[in-house]
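Sequence lines, in order, name chains A and B. According to UniProt numbering, the first sequence is numbered sequentially starting from 1. According to UniProt numbering, the second sequence is numbered sequentially starting from 1. Written below as structure tokens is the structure these notes are about.
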Amino acid sequence: MPSAATKLYADDVSLLVVLLDTNPFFWSTSTLPFSKFLSHVLSFLNSILLLNQINQIVVIATGCNSCDYIYDSSLSTNPGIEKGKLPALCSELLKKLEDFVTRDEQLNKQQSQSLPPTTTSSLLSGSLSMALCYIQRVFRSGPLQPHPRILCVQGSSDGPEQYVAIMNSIFSAQRSMVPIDSCYIGSNNSAFLQQASYITGGVYQKPQQLDGLFQYLSTVFATDLHSRTFLQLPKSVGVDFRASCFCHKKTIDMGYICSVCLSIFCKHHKKCSTCGSVFGQAQSDVASASNLKRKTPET
Amino acid sequence: MPEVKIIAKNFMDMVASLPAMKLDKLYDNAFICEAILRSLPPLAKKYVLQMLYIDSPITAKSMEVWVLPDGSSKHRVAIDRLIQLRVFTETVDRRKETTYKINPTFQTNLQKLLTHGEVLPREPMPSNITVRLPSVEDLDVYAIGQWECFLLQLISSAQAERPSNISSSMMKVFQRGLLSQRDKEAPRLTESGFQFLLMDTNAQLWYIIREYISNSEERGVDPADLISFLLELSFHVTGEAYNSNTLTEVQRNTIKDLTDLGLVKLQQGRKESWFIPTKLATNLSVSLTDSSSRKQGFVVVETNFRLYAYSSSKLHCEILRLFSRVEYQLPNLIVGAITKESLYNAFENGITADQIISFLQQNAHPRVAERIPTVPENVTDQIRLWESDLNRVEMTPAHYYDEFPSREIFEAACDHAREWNGLLWEDSKRMRLVVKAEIHIHMRDHLRGQKQ
Chain A
1 MPSAATKLYA DDVSLLVVLL DTNPFFWSTS TLPFSKFLSH VLSFLNSILL
51 LNQINQIVVI ATGCNSCDYI YDSSLSTNPG IEKGKLPALC SELLKKLEDF
101 VTRDEQLNKQ QSQSLPPTTT SSLLSGSLSM ALCYIQRVFR SGPLQPHPRI
151 LCVQGSSDGP EQYVAIMNSI FSAQRSMVPI DSCYIGSNNS AFLQQASYIT
201 GGVYQKPQQL DGLFQYLSTV FATDLHSRTF LQLPKSVGVD FRASCFCHKK
251 TIDMGYICSV CLSIFCKHHK KCSTCGSVFG QAQSDVASAS NLKRKTPET
Chain B
1 MPEVKIIAKN FMDMVASLPA MKLDKLYDNA FICEAILRSL PPLAKKYVLQ
51 MLYIDSPITA KSMEVWVLPD GSSKHRVAID RLIQLRVFTE TVDRRKETTY
101 KINPTFQTNL QKLLTHGEVL PREPMPSNIT VRLPSVEDLD VYAIGQWECF
151 LLQLISSAQA ERPSNISSSM MKVFQRGLLS QRDKEAPRLT ESGFQFLLMD
201 TNAQLWYIIR EYISNSEERG VDPADLISFL LELSFHVTGE AYNSNTLTEV
251 QRNTIKDLTD LGLVKLQQGR KESWFIPTKL ATNLSVSLTD SSSRKQGFVV
301 VETNFRLYAY SSSKLHCEIL RLFSRVEYQL PNLIVGAITK ESLYNAFENG
351 ITADQIISFL QQNAHPRVAE RIPTVPENVT DQIRLWESDL NRVEMTPAHY
401 YDEFPSREIF EAACDHAREW NGLLWEDSKR MRLVVKAEIH IHMRDHLRGQ
451 KQ
């Protein structure tokens, strides 16, 4: 019989995993300087820790080629010191962030030597899976867990080549009831994040004024899962449900779908590359129109 | 779960009841702002955060827009609490529009916390001076030992193993309400005293601290100072040493009392002396019972109503004695039985069946704690049945009337009693009736009116 006290305890305690976009391609073009962005985010992280002494924050940096944990409030440098003391938070986070960015840049150079740079998107799928792994570990560690949620602060555009990995992460988040909130600070809407928030029951928002980013973060994204049932939060207006094809990683409106495993292709293949089913002969263009499935953006 | 009457839910209710002037002064201290913020209901926390950087007042209407229809009661609770604690100030302007503004001191303090982070009230001492600091486990053992010793002393002064320096007058203050003493008789635990013993450590600590603070004025200490010191203490780090020189005179005296309660441990070095906060102290500002701090259970109840408690603590033995017959005691084991007589004893003392059951469940030995139910169902059912046995007869003070001169007057009297909803029994054949005691006056007036 859980007593009233333990229920209260679980109510507004949150475990927040923040995914920070550190993609240099995006920040070089952004109107908001990265330093300002960081100060908004740091204040936001502080405010989460301020709200409850057992709140926990994990920050994962999403780079161009890699991603890594850069801060975990439960493992702050001095285990004796109270969790999330700001000087610790600030210095530790910034130091690790710097290390991470240089490492990421080196990786980028190595890769660009072997093949020409093709992508300018961040490795969102990687950081999403890392966040989910972390949350799974917390779930398994003990009977009493805080309510976890993921917040993606993303600026760079979607990388269609990550479509399958991201969709898989989204579905596993949905299964483990972890909402993915997304704060998109780039120029166009991100279809991936829209879908992620829509499917997992999180909030997607694209701040209109980036100068007031802290106010957006504290008003919308600081809301704990318990209070969300009482509050009016931004609703998604339209979600771009377009998929990417598995063969050329292009975002497509229309395509072929394997009837066995539901893989998506932009043109006709003899054999499904995912499950190996053999497809029939390509029909003439007129006839094949009926096989084409149209995915319309839902409003 | 039965309501425990004697406990104010937490520290913050007490803070809220301070006069406005003092409350405003408290907010000069950033730690208090932080502790207050953490004690708020989730929705209220959210509002504070949302309005932290808004300088102009916000109308009540625009705030209501934030809330969904089912959340309006929660919204009300949150706003009331904020106003009660003077975190928000409410103003009604000429057009009858209510606006809220966040307390400016509170606001600047929190803004500072967000941008600069919190600084501990005092730096821990370097480890080269403090040579032998106790480990976290040792400190926990120490804290619990001190606390149990204090509790034993509280319920029976004779049984304490070592005298503490809490003055007997202070002890009297703590005992007030928990013990009742008649002349030349050993003090007896009152109903709330029994309930107190069955509560978990955090709740007990709150009760004692509350008494300690409300008594402070008699000792010439400002309650607001004491509250701010206690809250500050809760932001210290468990297990670190802090120099006693940093304390004021009043705080040093307070620390001595807190040592007896097990909140801090005092240590003396060659030159300096220092205090080490324990888990009890750092849990002070946690307004909710933190389950992780719950100590390991020790009680096993069997289906044959026998009870095995793996404990060497005298206090545990005393508590078990409240509702069971302790049969024998081994060095690390207390064996008892739950009997009808022992339970009747407990019920007479005002302990309820639910309290006993929840005590047994909360303190279940880890071996049985995993099982569902932790306490065998036949035992819990029987405890409840025995309790309801006692409640079969209900007593109502009443008045009895007979020898009515005529049937009309009798009928009128019955009707009158019914009108007042106080008729308990009537016998129309022999013209007798019984009414509740509280409407006796009305009946008398009515009957007098009939005579004339």
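C-beta atoms are modelled at their ideal positions from N, C-alpha and C, and glycine is treated no differently.
**Close Cβ partners of Q107(B) (< 7 Å) along its chain, the five nearest in sequence each way excluded** = Position 107 of the second sequence holds residue 107(B). Correct list, in chain order: L52.
**Prompt:** Run through DSSP, which three-state label would M254(A) get?
**Reply:** By one-based count along the first sequence, residue 254(A) stands at place 254. Strand at M254(A).
**Request:** Evaluate contact between the segment 35 to 45 of chain B and the segment 191 to 198 of chain A, counting only Cβ atoms and requiring at least three cross-stretch pairs below 8 Å.
**Result:** no
**C-alpha distance - M254(A) paired with C275(A), whole-angstrom precision** = For the purposes of this step, residue 254(A) is taken as residue 254 along the first sequence, with counting starting at 1. For the purposes of this step, residue 275(A) is taken as residue 275 along the first sequence, with counting starting at 1. Looking at the two C-alpha atoms, the distance is approximately 21 Å.
**Prompt:** Taking buried to mean at least 16 other C-beta atoms within 10 Å of its own C-beta, is I70(A) buried or exposed?
**Reply:** Your numbering for residue 70(A) matches position 70 in the first sequence. Buried: at least 16 other Cβ atoms inside 10 Å.
**Item:** Residue-level contact to chain B via CB, D224(A), 7 Å cutoff
**Value:** On the first sequence, position 224 is the one that residue 224(A) refers to. So yes, D224(A) belongs to the interface.
**Prompt:** Can you name, in chain order, every residue of its own chain whose Cβ lies under 6 Å from the Cβ of V136(B), other than the five neighbours on each side?
**Reply:** What you label residue 136(B) is simply residue 136 of the second sequence in a count that begins at 1. Hits under 6 Å: G239.
**Request:** Hey, could you find the ends of the alpha helix (DSSP H) V48(B) is sitting in?
**Result:** In the second sequence, residue 48(B) corresponds to position 48, counting from 1. Taken as a continuous stretch (DSSP letters only), the alpha helix (DSSP H) holding V48(B) covers P42 to M51.
**Request:** Given a cut-off of 7 Å, decide if S14(A) and P146(A) are closer than it, judged by their beta-carbon atoms.
**Result:** As a first step, residue 146(A) must be located in the first sequence, where it is residue number 146. As a first step, residue 14(A) must be located in the first sequence, where it is residue number 14. Taking 7 Å as the Cβ cut-off, P146(A) and S14(A) qualify as a contacting pair.
**Item:** Reduced DSSP category for T108(B) - H, G, I as helix; E, B as strand; rest coil
**Value:** One-based indexing of the second sequence puts residue 108(B) at position 108. Helix at T108(B).
**Prompt:** Which residue spans inside the segment 194 to 219 of chain A form an unbroken beta strand (DSSP E) run of at least 3?
**Reply:** none
**Asked** What residue from T380(B), L424(B) and Q84(B) has the CA that sits closest to R306(B)'s CA?
**Response** Position 306 of the second sequence, counted from the first residue, corresponds to residue 306(B). When only C-alpha atoms are compared, the closest one is T380(B).
**Within chain A, the residues that L205(B) reaches when beta carbons sit closer than 8 Å** = Position 205 of the second sequence, counted from the start, is the residue given in the question as residue 205(B). None at all; the shortest Cβ gap to chain A is about 14 Å.
**Request:** Go ahead and pull the three-state DSSP assignment for M12(B).
**Result:** Counted from its first residue, the second sequence places residue 12(B) at position 12. It is helical.
**CB contact flag (G71(B), F221(A), <7 Å)** = In the second sequence, residue 71(B) corresponds to position 71, counting from 1. In the first sequence, residue 221(A) corresponds to position 221, counting from 1. Inclusion of G71(B) and F221(A) in the CB contact set at 7 Å is not warranted, their separation being larger than that value.
**Asked** Shorter than 7 Å from the beta carbon of E82(A) to some beta carbon of chain B?
**Response** Within the first sequence, the letter at position 82 stands for residue 82(A). Reliability of the predicted coordinates at E82(A) is poor, the pLDDT of 45 falling under 50, and the value obtained from them is presented with this limitation in mind. Answer yes: the Cβ-Cβ gap between E82(A) and chain B drops below 7 Å somewhere.
**Request:** Mind checking the segment 46 to 62 of chain B against chain A and listing, in chain order, the residues whose C-beta falls within less than 8 Å of any C-beta there?
**Result:** K46, L49, Q50, L52 and Y53
**Message:** What ranges does the beta strand (DSSP E) occupy inside the segment 146 to 173 of chain A, keeping only unbroken runs of at least 3 residues that lie completely in it?
**Reply:** 147 to 154
**Message:** Can you check whether the C-beta of L213(A) is within less than 7 Å of a C-beta belonging to chain B?
**Reply:** Residue numbering aside, residue 213(A) sits at position 213 when the first sequence is read from its first letter. L213(A) has a beta carbon lying at 7 Å or more from every beta carbon in chain B.
**chain A residues whose Cβ lies nearer than 8 Å to that of D70(B)** = Translated into the one-based positions of the second sequence, residue 70(B) becomes position 70. Per Cβ cutoff of 8 Å: T229 and F230.
**Message:** Quick test of your reading: S66(A) and L107(A), contact by CB under 8 Å. State the CB separation rounded to the nearest angstrom.
**Reply:** Mapped onto the first sequence, residue 66(A) falls at position 66. Mapped onto the first sequence, residue 107(A) falls at position 107. Approximately 6 Å separates the beta-carbon atoms of S66(A) and L107(A); this is inside 8 Å, confirming the contact.
**Message:** At the 7 Å Cβ level, is R407(B) part of the contact set with chain A, yes or no?
**Reply:** Within the second sequence, the letter at position 407 stands for residue 407(B). Chain A, which has no Cβ nearer than 7 Å to the Cβ of R407(B), makes this no.
**Asked** How about L114(B) and S43(A): are their beta carbons less than 7 Å apart?
**Response** Numbered from its first residue, the second sequence carries residue 114(B) at position 114. Numbered from its first residue, the first sequence carries residue 43(A) at position 43. In contact: L114(B) and S43(A) (Cβ atoms closer than 7 Å).
**Message:** Applying the 10 Å Cβ sphere with the 16-neighbour rule, what's the burial state of H248(A)?
**Reply:** To locate residue 248(A), count along the first sequence from 1; it is residue 248. With fewer than 16 Cβ atoms within 10 Å of its Cβ, H248(A) is classed as exposed.
**Request:** Check the Cβ of S47(A) against every Cβ in chain B and list those closer than 9 Å, keeping chain order.
**Result:** Here residue 47(A) refers to the residue found at position 47 of the first sequence. Those within 9 Å of S47(A) in chain B are L49, L52, L110, L113 and L114.
**Message:** Rounding to the nearest angstrom, what Cα-Cα distance links S39(A) and Y204(A) in this structure?
**Reply:** For the purposes of this step, residue 39(A) is identified with residue 39 of the first sequence, where counting begins at 1. For the purposes of this step, residue 204(A) is identified with residue 204 of the first sequence, where counting begins at 1. If I take the Cα positions, the gap works out to 22 Å.
**Asked** So which residues of chain A does V65(B) contact, with C-beta pairs closer than 8 Å?
**Response** Here residue 65(B) refers to the residue found at position 65 of the second sequence. In chain order: Q232.
**Message:** Taking 7 Å as the threshold (beta carbon to beta carbon), is T219(A) in contact with chain B?
**Reply:** Translated into the one-based positions of the first sequence, residue 219(A) becomes position 219. Among the CB atoms of chain B, one or more fall inside 7 Å of the CB of T219(A).
**Message:** Given this structure, state the Cα-to-Cα distance separating N29(B) from N349(B), to the nearest angstrom.
**Reply:** In the second sequence, residue 29(B) corresponds to position 29, counting from 1. In the second sequence, residue 349(B) corresponds to position 349, counting from 1. Cα-Cα distance, rounded: 44 Å.
**Prompt:** In three-state terms, what does DSSP make of N65(A)?
**Reply:** As a position in the first sequence, residue 65(A) is number 65, starting the count at 1. Note: N65(A) maps to coil in three-state DSSP.
**Request:** Could you name the residues that DSSP lists as bridge partners for W425(B)?
**Result:** The residue given as residue 425(B) occupies position 425 in the second sequence. Answer is V434(B).
**Request:** Please name the residue in S28(A), L217(A) and S73(A) whose C-alpha comes closest to that of E92(A).
**Result:** Reading the first sequence from its first residue, position 92 is the one you call residue 92(A). Cα-wise, what sits closest to E92(A) is S73(A).
**Prompt:** Which residues, in order along the segment 21 to 41 of chain B, keep a beta-carbon less than 8 Å from a beta-carbon of chain A?
**Reply:** Correct list: E34, L37 and R38.
**Asked** Nearest CA to the CA of K96(B): which residue from K61(B), F359(B) and E387(B)?
**Response** If you number the second sequence from 1, residue 96(B) lands on position 96. It is K61(B) whose Cα lies nearest to the Cα of K96(B).
**Message:** Can you tell me where the alpha helix (DSSP H) holding D24(B) begins and where it ends?
**Reply:** Working through the second sequence from its first residue, we reach residue 24(B) at position 24. Start and end: A20 to L26.
**Request:** Could you tell me which residues DSSP puts in a beta bridge with I439(B)?
**Result:** As a first step, residue 439(B) is located in the second sequence; it is residue number 439 there, counting from the start. Its beta-bridge partners do not exist; DSSP assigns none.
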